[in-house]
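One gets my numbering by counting positions in the sequence shown from 1 and adding 2 to each. Note that beta-carbon positions come from the ideal geometry of N, C-alpha and C, so glycine has one too. A short worksheet on the structure shown next.
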Amino acid sequence: MACMRPERRVAVLLAVATLAVYAQVAGHGFLSYDDPDYVSGNPYVRAGLTRAGLSWALTTGHAGNWHPLTWLSHMLDCELFGLRPGAHHLTNVLLHTANTLLLFVLLRGMSGALWPSAAVASFFALHPLHVESVAWVAERKDVLSTLFWMLTLLAYWRYTRQPSLRRYLPVLVLLALGLMAKPMLVTLPLVMLLLDVWPLGRLPLAAPEGRDTPRVERSARRQDVRPGGDPRARKARGSEALPRG
């Protein structure tokens with residue numbers, strides 16, 4: 003590990019820390035709240051990936067959410083692992099780990115700052131606020147939509163570096179997939195607008211006077227207000243110095 007680049011060392015440490023904290027959920031079972039609706043008591047999901055299940059996922063909402071991609075992810079887990087709850091929990095953990103690494107890559111790329119990016123990513127990975135989303139099978143929609151949130155922002159960052167239709171299409175596709183995981187991603191375009199202001203600098207705001215005004219411009223303004231700095235004042239003084247009569 004000593005021969006790795008700093009970015010790779012940070013990525014490995016972030017992944018290990020996240021997996022170490024959440025590995026215990028592999029021994030947890032399903033909850034009696036929402037898990038029956040999403041997995042354990044849902045006949046379409048329990049059957050795995052089927053044509054009937056796909057049709058149902060595309061036409062069925064739950065608690066006001068239309069999220070067919072979330073349904074399909076649960077069906078895939080049942081197809082691969084059956085109803086073993088530990089495997090379903092670990093899928094959430096792996097998604098959260100991937101989200102942490104993507105956040106680090108995004109922040110590192112946009113800001114160029116290694117250690118601040120690592121600190122923010124570690125805070126995201128280990129903050130107790132995420133326990134519900136990671137350790138609860140029914141909250142798959144949170145970690146899955148976050149995955150597409152991060153991928154969309156990465157694609158958008160790539161697009162801003164060299165704008166083209168070919169680079170913009172992945173942004174639209176990933177955003178659409180994210181909306182199919184959880185409609186909350188409807189707010190993501192506003193986040194892109196904020197990123198355009200900082201750190202991407204595509205929409206620079208007017209700088210407050212005296213703070214970020216360019217040094218040369220401030221110097222020129224100071225010269226204008228000094229005695230003799232105004233050309234009209236210099237002309238007046240010059241005319242007064244001419245001999246009279």
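Contact check between the segment 77 to 93 and the segment 50 to 60: three or more CB pairs, one atom from each, fall below 8 Å, which counts as touching. Annotation for R168: the continuous alpha helix (DSSP H) segment containing it runs L167 to A183. In the three-state reduction of the DSSP assignment, H129 falls in the coil class, being assigned neither a helical nor a strand state. Taking 8 Å as the cut-off, the beta carbon of L97 is found closer than this to the beta carbon of L146. When L167, E81 and V12 are compared, the shortest CA-CA separation from P45 is found for E81.
Secondary-structure assignment with DSSP links H64 through a beta bridge to N67. Restricting attention to alpha helix (DSSP H) runs no shorter than 4 residues, the segment 64 to 124 encloses them at 70 to 83 and 87 to 113, ordered along the chain. Taking C-beta atoms under 8 Å as the contact rule, T154 and L177 qualify, at a distance of about 5 Å. In the same chain as V41, and ignoring 5 residues on each side of it, the C-beta atoms closer than 8 Å to its own belong to F32, V47, R48, H76, D79, C80, L85, H90, V139 and A140, in chain order.
Of the candidates K143, P130, Q26 and L207, L207 places its Cα closest to the Cα of L195.
Nearest C-alpha to G180 among F150, S119 and R168: F150. Between the alpha carbons of V188 and Q26 lies a gap of roughly 33 Å.
In the DSSP assignment, Y46 falls within the alpha helix (DSSP H) that extends over P45 to R48. Contact between H69 and M182 holds, with the beta-carbon distance rounding to 6 Å and staying under 8 Å. In the same chain as V173, and ignoring 5 residues on each side of it, the C-beta atoms closer than 8 Å to its own belong to T154, A157, Y158 and Y161, in chain order. For W159, the enclosing alpha helix (DSSP H) covers residues R142 to R163.
Around the beta carbon of Y24, a 10 Å sphere encloses 16 or more other beta carbons of the protein chains shown; the residue is thus reported as buried.
V12 sits close to L116, with the two beta carbons spaced by under 8 Å.
Each residue's CA atom was taken as its position, placing D37 and A137 some 12 Å apart. Less than 8 Å divides the Cβ of A17 from the Cβ of L103. For P8, the enclosing alpha helix (DSSP H) starts and ends at P8 to Y24. In the structure shown, W138 falls within a coil segment according to DSSP collapsed to helix, strand and coil. Counting only residues of its own chain and dropping the five nearest sequence neighbours on each side, T99 has a CB closer than 7 Å to the CB of A17, T20 and L21. Judged by DSSP in its simplified three-state form, L190 adopts helix.
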